[in-house]
Amino acid sequence: MSDFDTFLDIRRQAAEAYVNGKAGPLDMLAATACPASFFPPRGGHEEGADRVADMYARDAISFVEGGETTLEILHSDAVGDLAYWTGLQHAKVRLTGHDEPVEMHLRITELFRHEDGAWRLIHRHADPLVKPEAN
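Using the UniProt record's numbering, read the sequence shown as starting at 1 and increasing by one per residue.
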């Protein structure tokens, strides 16, 4: 098992904490140097390590305890100081102000850079998984 495979287990734990309103574990994985970017599921984009980390922290507040998520990694690789995974994120989350859990299914691509001896998230692209219409 490579150090990136081991890291992906830590990434899964950070995702689980995040959907329960805890941004701290993801903050520990976020890039501290530029470039860094985030394309969130609702559209738009953010650039710069500090701005991306701030957006992660702000967005985590919308989740409350009781969420669960899985990362379905379709493929991943690490070469030198760069790594990635791409796949799907399935979640059932509890959102502030909502009584019922909400299901989320996202297409994900994440890029990582080895920074100060650790893998750091430098780009996340997340958008809704939409099933194609039948012809």
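Note that CB positions come from ideal geometry on N, CA and C, so glycine has one too.
For a cut-off of 8 Å, the C-beta gap from L121 to L29 is around 5 Å, short enough to register as a contact. When DSSP reads this structure, D127 sits in a beta bridge with R107. Cβ-Cβ distances below 7 Å link G87 to L71, E72, I73, L74, I108 in the same chain, with the five nearest sequence neighbours on each side left out; the list follows chain order. Counting only residues of its own chain and dropping the five nearest sequence neighbours on each side, R113 has a CB closer than 7 Å to the CB of A31, D81, L82, R120, I122. Secondary structure note for I73: its beta strand (DSSP E) is the uninterrupted segment 63-79. Counted as a single uninterrupted DSSP element, the beta strand (DSSP E) harbouring R94 occupies residues 82-95.
The alpha-carbon of E16 is positioned some 26 Å away from that of C34.
The criterion of a C-beta distance shorter than 7 Å is not satisfied by V52 and G21. H125 is the residue among P101, H125, G66 whose C-alpha sits nearest the C-alpha of Y56.
Taking C-beta atoms as the reference points, A118 and V19 fail to come closer than 7 Å. If you look at P25, you'll find it in the alpha helix (DSSP H) that goes 24-29.
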